[in-house]
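Its first residue numbered 888, the sequence shown is counted upward by one per residue in the numbering used here. From the three backbone atoms N, C-alpha and C, an ideal C-beta is built for every residue, glycine too.
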Amino acid sequence: MLLFPALGMAQENRLSGRIVDSKTKEPIPFASIGLKEEQTGALTNEYGFFQMATPEKNAQDSIIVLALGYKRMAVAVKRGVSQTDLIIEVPKRVIELSNVTVKGGKVKDLALGSKSSTPGEGMIQGMPGSQYAFFVKNDKGKTLGNVRSVSFYIGENGFPREPFRVRLYKADGNYNSPNTDLLTENVVVSAPKGGAWYTVDLNQYNIEAPKEGFFVAMEWIVSGDKFYTTNFMDTYTPYGQIMRPTFEFKESRTWSYTMGKGWSLLTLSSNGQRYNAMIKAEVDQIKD
């Protein structure tokens, strides 16, 4: 009941509405909404609602909808023309499962990624819709099975119990950046406290780990009506949980994602060690 009055108070020249599943008509939470030419964006809340300003640079633009597990959608909009009751229906993406070869052998636990218990100096904080993805590399070329769990080192500052979404990607984008989703379900979690590792069990999703490794990402999300008066690209103050960095690696393994701009590699370093997000994973190791 609190959401609808907020929509009614929207300023002039606004785009607002809801993103829904084209078949079930159920709302799609935490979908990314961006104007293609404007390079600005928003994020739907847990009820699928969004609001953002109309285009300013061009007479026409397109709303690009990116939702986890769904096909990419584009909807044409015009500069200065408000549309306040948009219902954008998005079809599910068909996931083709690869053939599974069952092999004999023992299964043991294999830890990938950060092995430290002490974070480095600094904070990794995001805006709604932004992500930080760390590549948990299979350095020793072990035979991998399914992903058991992923862990994030949550800082003690900020609001460590705020929710975030877990994302897993193949490294099949440009320059081996995150691209294809391995985890196609919405896994939204909250840490009980900060200043410690927080582990998320993923056994139930049966995610096969790529042989070279994979990206584990934290995605900042919104709840309630925070998105109604916010331009996430320019003026939103970061909030929520804070991830801590690690300086364990000599190579940059962390990419950051910003709505409307895409992925970029972090290249900060200290004393020859690269600044990376403090993330780790546990996977099945298959032993012959």
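Reduced DSSP category for residue i - H, G, I as helix; E, B as strand; rest coil
{"i": "N1044", "result": "coil"}
{"i": "Q1177", "result": "Coverage of the chain is limited to positions 888 through 1175, which leaves residue 1177 absent and any answer about it impossible."}
{"i": "Y934", "result": "coil"}
{"i": "N1033", "result": "strand"}
{"i": "V987", "result": "In this predicted model, V987 has a pLDDT of only 48, less than 50, meaning its place in the structure is not dependable; the value taken from the coordinates is given anyway. V987 falls in the coil class under three-state DSSP."}
{"i": "N1158", "result": "coil"}
{"i": "N1073", "result": "coil"}
{"i": "N1163", "result": "strand"}
{"i": "E1169", "result": "strand"}
Contact set for residue i: own chain, Cβ-Cβ below 8 Å, skip 5 residues either direction
{"i": "V964", "result": "L902, L922, T941, P942, Q947, D948, S949, I950 and Q970"}
{"i": "Y934", "result": "L890, R905, P914 and P916"}
{"i": "S1064", "result": "A1058, W1142, W1150 and L1152"}
{"i": "K912", "result": "E976"}
CB contact flag (residue i, residue j, <8 Å)
{"i": "T1086", "j": "S1156", "result": "no"}
{"i": "N1093", "j": "N1025", "result": "no"}
{"i": "S1017", "j": "T1145", "result": "yes"}
{"i": "Q1172", "j": "T1030", "result": "yes"}
{"i": "A929", "j": "K1167", "result": "no"}
{"i": "T1071", "j": "D1059", "result": "no"}
{"i": "V1109", "j": "N932", "result": "yes"}
{"i": "E1049", "j": "G1081", "result": "no"}
Residues of its chain near residue i, where Cβ-Cβ distance is below 6 Å and the 5 sequence neighbours each way are ignored
{"i": "Q926", "result": "G1147"}
{"i": "S1151", "result": "S1143"}
{"i": "V1053", "result": "V1074 and V1087"}
{"i": "A961", "result": "S949 and I951"}
{"i": "F1046", "result": "G1127"}
{"i": "Q1091", "result": "none"}
{"i": "L1089", "result": "V1034 and S1036"}
{"i": "T1116", "result": "With a pLDDT of 41 at T1116, under the threshold of 50, the predicted position of this residue should be treated as unreliable, and no value is reported."}
Residue i: CB within 7 Å of a non-hydrogen atom of the ligand FAD
{"i": "E1099", "result": "In the structure shown, the ligand FAD is absent, as is every other ligand, since no ligand is present at all."}
From the options, residue whose alpha carbon lies closest to that of residue i
{"i": "F1039", "options": "F1051, G1060 and G967", "result": "F1051"}
{"i": "F936", "options": "V1170, A954 and V1103", "result": "A954"}
{"i": "S1003", "options": "T1145, A1083 and V1103", "result": "A1083"}
{"i": "I859", "options": "N1090, T1133 and L1089", "result": "The displayed coordinates of the chain run from 888 to 1175. Any statement about residue 859 would go beyond what the structure contains."}
{"i": "K910", "options": "G1100, P978 and T1071", "result": "P978"}
{"i": "L1153", "options": "V1109, P1097, G1081 and Y1062", "result": "Y1062"}
{"i": "V968", "options": "N1090, N900, K1027 and Q938", "result": "N900"}
{"i": "G1028", "options": "P1097, D908, K912 and K944", "result": "P1097"}
{"i": "F1226", "options": "Q1091, A918, R966 and E1099", "result": "Within the shown structure, residues of the chain are numbered from 888 to 1175, placing residue 1226 beyond reach of any answer."}
{"i": "W1107", "options": "V907, D908 and A918", "result": "A918"}
Residues near residue i by beta carbon distance below 7 Å, same chain, minus five either side
{"i": "Y1019", "result": "I1011, G1013, A1104, M1105, M1130, T1141, S1143 and A1164"}
{"i": "L1069", "result": "L1055, Y1056, K1057, I1094 and F1101"}
{"i": "R980", "result": "G956, Y957 and K958"}
{"i": "K944", "result": "E924 and E925"}
{"i": "Q898", "result": "Since pLDDT at Q898 reaches only 47, below the 50 mark, its modelled position is unreliable, and no value is offered."}
TODO: Pair every Cβ in the segment 1006 to 1014 with every Cβ in the segment 904 to 922, then say whether three or more of these pairs are closer than 8 Å.
DONE: The segment 1006 to 1014 is not in contact with the segment 904 to 922.
TODO: Would you check if the segment 1157 to 1175 and the segment 1129 to 1143 touch, i.e. whether three or more CB-CB distances between them fall below 8 Å?
DONE: Yes, the segment 1129 to 1143 is in contact with the segment 1157 to 1175.
- [ ] Report yes or no: do three or more beta-carbon pairs, one from the segment 1072 to 1085 and one from the segment 1009 to 1024, lie closer than 8 Å?
- [x] No: the two stretches stay apart, fewer than three of their Cβ pairs being nearer than 8 Å.
Task: Sufficient close CB pairs (3 or more, under 8 Å) joining the segment 966 to 981 to the segment 991 to 1003 - done: Touching, no, given that fewer than three Cβ pairs across the two stretches are closer than 8 Å.
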